[in-house]
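See structure below.
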Amino acid sequence: MVIALLAVAVATAHFARHKLAPGVDERRLASGDPPGAATPPLAQVTRAPPEPQQRPAEPSPVAGLDLLRMSATDDVMFAPTGRGTAKLTVDANLQTIALALMRSHHLPEAAVVLMDTTTGRLLVYASHVDHGDKRDLCAEATAPSASVFKVVTAAALVEDAHLGADTKQCYSGGEQRISAVDLVDSPQRDRWCTTLAGALGRSINTVFARLAKEHLAPAQLDAMARRFGYGQTIPFDVPVQPSTLHVPTETLGFARTAAGFWNTSLSPLGALELSAIVARGGEYIRPSIVERVTSDAGGVVWSAPEAPESRRVIASETAAELQTMMARTVSEGTSYRAFHDGAGRAFLPGIPVAGKTGTLTDGDTQRYFTWFTGFAPLRAEPGSGQVAIAALVINGPSWEVKANVLARDVLRAYFKARGAIGVTPPTTATIARRHREP
Numbered sequence: 021m022v023i024a025l026l027a028v029a030v031a032t033a034h035f036a037r038h039k040l041a042p043g044v045d046e047r048r049l050a051s052g053d054p055p056g057a058a059t060p061p062l063a064q065v066t067r068a069p070p071e072p073q074q075r076p077a078e079p080s081p082v083a084g085l086d087l088l089r090m091s092a093t094d095d096v097m098f099a100p101t102g103r104g105t106a107k108l109t110v111d112a113n114l115q116t117i118a119l120a121l122m123r124s125h126h127l128p129e130a131a132v133v134l135m136d137t138t139t140g141r142l143l144v145y146a147s148h149v150d151h152g153d154k155r156d157l158c159a160e161a162t163a164p165s166a167s168v169f170k171v172v173t174a175a176a177l178v179e180d181a182h183l184g185a186d187t188k189q190c191y192s193g194g195e196q197r198i199s200a201v202d203l204v205d206s207p208q209r210d211r212w213c214t215t216l217a218g219a220l221g222r223s224i225n226t227v228f229a230r231l232a233k234e235h236l237a238p239a240q241l242d243a244m245a246r247r248f249g250y251g252q253t254i255p256f257d258v259p260v261q262p263s264t265l266h267v268p269t270e271t272l273g274f275a276r277t278a279a280g281f282w283n284t285s286l287s288p289l290g291a292l293e294l295s296a297i298v299a300r301g302g303e304y305i306r307p308s309i310v311e312r313v314t315s316d317a318g319g320v321v322w323s324a325p326e327a328p329e330s331r332r333v334i335a336s337e338t339a340a341e342l343q344t345m346m347a348r349t350v351s352e353g354t355s356y357r358a359f360h361d362g363a364g365r366a367f368l369p370g371i372p373v374a375g376k377t378g379t380l381t382d383g384d385t386q387r388y389f390t391w392f393t394g395f396a397p398l399r400a401e402p403g404s405g406q407v408a409i410a411a412l413v414i415n416g417p418s419w420e421v422k423a424n425v426l427a428r429d430v431l432r433a434y435f436k437a438r439g440a441i442g443v444t445p446p447t448t449a450t451i452a453r454r455h456r457e458p
């Protein structure tokens, strides 16, 4: 009897210490929910189902691909990967010529990539550093886009502002820099006039700055650049540094950016894709460099898909206008001298070449950036072997050749190998001899 009374007393004291309000469930207190919150009956209290375990992502079949360690066996290019050896799409002869050209010219830094526009297969993937450690410059996006960005601006002017290759614009100034006064139409100062095609071919900064200020909003130019891959990850068999993009909203800064003055950067692979989109009538195609991967035991562990990824970037009509504009670069513009000899004879007779140059100097580092990106022939025809190309040359204060000469000679090697009539191959012996002469 005494024991029973003690048990009742203990229970009463326990209840008094907690002072539970009527209707408050101790389960709610234990769970951390506030008093007064509705509590389901015991039968409805359930535990959350355990989250399904995430399966680790399958490693890429080309993970660990090292394109700085390419080697050739029986004219076939290979490179090591984390899962074995990759057979590459690279043409061993063209790769050798491209590397020899860059070495012979003693270019401080240079890169060149060449791609079949039908298949997306890379035929050349070559980078060169004259002094210092090897780097994959083809995948670096540290160089300013310079006037290559005019292709993006031209695309926006055609597709968003509904201008055309024959749109006329008068201009003055803007050769080295663009000031606020250069953006103002002035019959007294504007002594020259040209078309949009002529402005792209001769890379006239003021024309692009004025037309962009008049007809485009910063958001439109930004959107067009991103469609061409700026600020995006380029799907490829090795990681590619994304190109940078900053489109100012302030008028002068916007106009300068539209003309190619800073605020954007580009990798050679990104420049290649830009030209390939135009060449393919506005369609993107995924570039590839691996044909298959073979394990150390000799078995094929992965093969590239037959149909590469593709998607539309710009309208076919826009691409046709850009093709016309880019053809002017070689036929009469900034690359006429590079693609013709002193007598005006074309180095690629019968093969119309389209392209865009870019030139910009970093005064702080005294690095002289030159670009050429383009494609040949101008119109893809069955059996024509159309290719897109991008070349970047970074010189010092004194220099010998620009990117358009490097691109020209790689194209000469490609079309000569295909039996093009009248095309002579480039020779590194002449270059080397010139360097030996006092």
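The sequence shown begins at 21 in the numbering used here and counts up by one.
Cβ coordinates follow ideal geometry from the N, Cα and C atoms, glycine included.
Only a predicted model underlies this, so the values are computations on that prediction, with no experimental measurement involved.
- Annotation: the continuous alpha helix (DSSP H) that includes Q240 extends over P238 to R247.
- When DSSP states are grouped into helix, strand and coil, A363 belongs to the coil group.
- Here T93 carries a strand assignment [DSSP, helix/strand/coil].
- According to the DSSP assignment, H235 belongs to the alpha helix (DSSP H) that extends over N225 to H235.
- Shortest Cα-Cα distance from D94 to any of D111, R103 and L286 involves D111.
- Setting aside the 5 residues that flank it on each side, E311 is surrounded in the same chain by K107, L108, T109 and A324, each with a C-beta closer than 7 Å to its C-beta; the list follows chain order.
- Taking a 10 Å sphere around the C-beta of E329, we find fewer than 16 other C-beta atoms and assign the residue as exposed.
- Per DSSP, reduced to three states, the secondary structure at E129 is strand.
- With a cut-off of 8 Å on Cβ pairs, the region 369 to 384 is in contact with the region 348 to 356, counting three or more such pairs.
- In this model, V350 and S80 are separated by some 41 Å (Cα to Cα).
- Where Q189 is concerned, the enclosing beta strand (DSSP E) starts and stops at K188 to Y191.
- Contact between the region 269 to 278 and the region 149 to 168 is absent: fewer than 3 CB-CB pairs across the two stretches fall below 8 Å.
- Unbroken alpha helix (DSSP H) stretches of 4 residues or longer found wholly inside the region 94 to 166: 112 to 124, given in chain order.
- Take A408, set aside five residues on each side of it, and the residues of its chain with a beta-carbon closer than 6 Å to its own are M135, T137, L292, S295, A296, A299 and F395, in chain order.
- Cα atoms of W419 and Q386: separation of roughly 12 Å, rounded to the nearest angstrom.
- The C-alpha of L342 lies about 36 Å from the C-alpha of A83.
- With a cut-off of 8 Å on Cβ pairs, the region 216 to 225 is in contact with the region 188 to 199, counting three or more such pairs.
- One Cα belongs to R89, the other to L220, and the distance between them is close to 38 Å.
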